[in-house]
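Novice: Please read through the structure below; I'll follow up with questions.
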Amino acid sequence: MDNNSEIRLNKFISDSGFCSRREADKLIEQNRVKINGDIPELGTKVQLGDLVLVDGKRINASAQDKLDRIYIVYNKPIGITCTTERHIHGNIINAIGHKKRIFPIGRLDKPSEGLIFLTSDGDIVNKILRAENAHDKEYLVTVDKPLSERFVERMQRGVPILDTITKPCKVTVDSRFIFRIVLTQGLNRQIRRMCEHLGYEVLKLKRTRIMKVGLGNLKPGQWRNLTNIELAEINQAVSSSSKTATDPAKPVSKAPQSEAIKKSTGANNSHQPAKKIFINKNSKNTTTPTANVKATLKLKRK
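Next comes the structure, spelled out in structure tokens:
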């Protein structure tokens, strides 16, 4: 068989619907995978006729048309953990109870709720996770004290967390304690860490949209299949996904980081252009960003 007919082991496993490609790599590293009786290394390729076993269970090659794949949207309730480990209480797989083997694309923290995708297509999982920094994810956030114009401006401009500065984002004030934020990256507990850095505590966090897919009428604990149109849009959005995420947040070393943090806190920042502040869609005010925030917050207090 020529090299063009070979396929990497992790892709072979994920394409079969057994798990995501990342999970397949973990299985390989844990020596739980065998090819023709031998324990393979990461990067090993599978050829036609090879016998692939995971924990002694045979993995069959995927159907080329992928008509057997599952793609669903789930409104994850608070308290559900985004893991495929069935022994963990409150895991997302048992919570959904789907007849087919599925796994989540990305994750939502246990105390968070809202939209998450699950699938049996490991290939699309890999593409979406690689490209997630280039696609919108919208959240509704409730905090412990009244929002200020400084908080909104700082959140939008970028906050120093996890040895990096978060990318600019959109923030819309809904009320004194509630705002919407649209992120194009997915750092660990990003919104909670950003708020904490600015002296706020997140009381409630709900993801309402990923790309063009929203929760709609789904109640917590309910799920539905992605429509053909939604799936086509997702596939188109990730079609150019490369092996590295698009425009990832760049880590900064200790010396540059202090300068970056100064900028994020407003020190020596006179040269920075004013960032547009996104206020309520119904607002017709076209004054300066600071004036917009003040006007909106004042209106919400009445």
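If you're matching positions, the sequence shown starts at 1 in this note's numbering and goes up one per residue.
The beta-carbon is built from N, C-alpha and C at its ideal position, and this holds for glycine as well.
1) Do ARG207 and LEU118 have their beta-carbon atoms positioned less than 8 Å apart in this structure?
2) If you compare alpha carbons, which of ILE96, LYS219, LEU205 is closest to ARG189?
3) VAL171 to GLY114, Cα distance in whole Å?
4) Which two residues bound the contiguous alpha helix (DSSP H) that contains ASN75?
5) From VAL213, ILE124, MET155, pick the residue whose C-alpha is nearest to that of LYS137; which is it?
6) Between THR84, TYR71, ILE59, PRO146, which has its C-alpha nearest ALA232's C-alpha?
7) Go ahead and label ILE88 buried or exposed: buried means 16 or more other beta carbons lie within 10 angstroms of its beta carbon, across all protein chains shown.
8) Examine the Cβ distances between the region 99-108 and the region 69-86 and report whether three or more of them are shorter than 8 Å.
9) What is the DSSP secondary structure of ILE93, counted as helix, strand or coil?
10) Is the beta carbon of VAL159 sitting closer than 8 Å to the one on VAL202?
11) With three or more beta-carbon pairs closer than 8 Å as the criterion, would you say the region 219-230 touches the region 141-157?
12) At the level of alpha carbons, what is the spacing between THR184 and CYS169?
13) Considering just the uninterrupted stretch of the beta strand (DSSP E) at ASN235, what are its terminal residues?
14) Ends of the alpha helix (DSSP H) at PHE12?
15) Excluding the 5 residues flanking ARG21 on each side, which residues of the same chain have their C-beta closer than 8 Å to its C-beta?
16) Quick one, which of TYR139, ILE78, ASN94 has its alpha-carbon nearest LYS110's?
17) Along the alpha helix (DSSP H) that carries ILE191, what are the first and last residues, could you check?
18) Would you kindly report the start and end of the unbroken beta strand (DSSP E) that includes HIS28?
19) Roughly how many angstroms lie between the CA atoms of LEU51 and GLN30, to the nearest whole one?
20) Let me know if LYS76 comes out buried or exposed under the rule of 16 or more other beta-carbons within 10 Å of its beta-carbon.
21) Identify every residue that forms a DSSP beta bridge with ILE105.
22) Can you grab the Cα-Cα spacing for the pair CYS19 / LEU27, in whole Å?
23) On the DSSP letters alone, give me the boundaries of the beta strand (DSSP E) that ARG207 sits inside.
24) Between ASP38 and LEU187, what straight-line distance do the alpha-carbon atoms span, to the nearest angstrom?
Specialist: In terms of the structure at hand:
1) Numbered from its first residue, the sequence shown carries residue 118 at position 118. Numbered from its first residue, the sequence shown carries residue 207 at position 207. Contact: no.
2) Position 189 of the sequence shown, counted from the start, is the residue given in the question as residue 189. Nearest C-alpha to ARG189: LEU205.
3) Start at 1 with the first residue of the sequence shown, and residue 171 comes out as number 171. Start at 1 with the first residue of the sequence shown, and residue 114 comes out as number 114. Going by the C-alpha atoms only, they are around 18 Å apart.
4) The residue given as residue 75 occupies position 75 in the sequence shown. It is not in any alpha helix (DSSP H) - ASN75 instead sits in the beta strand (DSSP E) that spans 71-76.
5) The count along the sequence shown starts at 1 and reaches residue 137 at position 137. Cα-wise, what sits closest to LYS137 is VAL213.
6) On the sequence shown, residue 232 is found 232 positions in, with the first residue counted as 1. Here the closest residue by C-alpha is TYR71.
7) The residue labelled residue 88 in the question sits at position 88 within the sequence shown. So ILE88 counts as exposed.
8) yes
9) Here residue 93 corresponds to residue number 93 of the sequence shown, with the count starting at 1. Residue state, collapsed to three classes: helix.
10) As a first step, residue 159 must be located in the sequence shown, where it is residue number 159. As a first step, residue 202 must be located in the sequence shown, where it is residue number 202. For VAL159 and VAL202, no; Cβs fall outside 8 Å.
11) no
12) As a working mapping, residue 184 is identified with position 184 in the sequence shown. As a working mapping, residue 169 is identified with position 169 in the sequence shown. Distance between the alpha carbons of THR184 and CYS169: 7 Å.
13) The residue given as residue 235 occupies position 235 in the sequence shown. ASN235 -> not in any beta strand (DSSP E); alpha helix (DSSP H) instead, spanning 228-237.
14) Indexing the sequence shown from 1 puts residue 12 at position 12. Here the alpha helix (DSSP H) through PHE12 covers 9-15.
15) Mapped onto the sequence shown, residue 21 falls at position 21. Within the same chain, ARG21 has close Cβ partners ASN10, LYS11, ILE13, SER14, GLY122, ASP123, VAL125, ASN126.
16) For the purposes of this step, residue 110 is identified with residue 110 of the sequence shown, where counting begins at 1. Residue ILE78 is the option with its Cα nearest to LYS110.
17) Within the sequence shown, residue 191 is the residue found at index 191, counting from 1. Per DSSP, ILE191 belongs to the alpha helix (DSSP H) from 190-197.
18) Indexing the sequence shown from 1 puts residue 28 at position 28. For clarity, residue 28 is Ile in the given sequence; the question names His instead. Here ILE28 belongs to no beta strand (DSSP E); instead the alpha helix (DSSP H) covers 21-29.
19) As a working note, residue 51 is residue 51 in the sequence shown. As a working note, residue 30 is residue 30 in the sequence shown. Approximately 18 Å between the Cα atoms of the pair.
20) Here residue 76 refers to the residue found at position 76 of the sequence shown. With 16 or more Cβ atoms within 10 Å of its Cβ, LYS76 is classed as buried.
21) Working through the sequence shown from its first residue, we reach residue 105 at position 105. In DSSP, ILE105 forms a bridge with PHE117.
22) Locating residue 19 in the sequence shown gives position 19, counting from the first residue. Locating residue 27 in the sequence shown gives position 27, counting from the first residue. The straight-line gap from Cα to Cα measures roughly 10 Å.
23) Walking along the sequence shown from the start, residue 207 turns up at place 207. Here the beta strand (DSSP E) through ARG207 covers 202-210.
24) Locating residue 38 in the sequence shown gives position 38, where the first residue counts as 1. Locating residue 187 in the sequence shown gives position 187, where the first residue counts as 1. Approximately 37 Å, taken between the alpha carbons.
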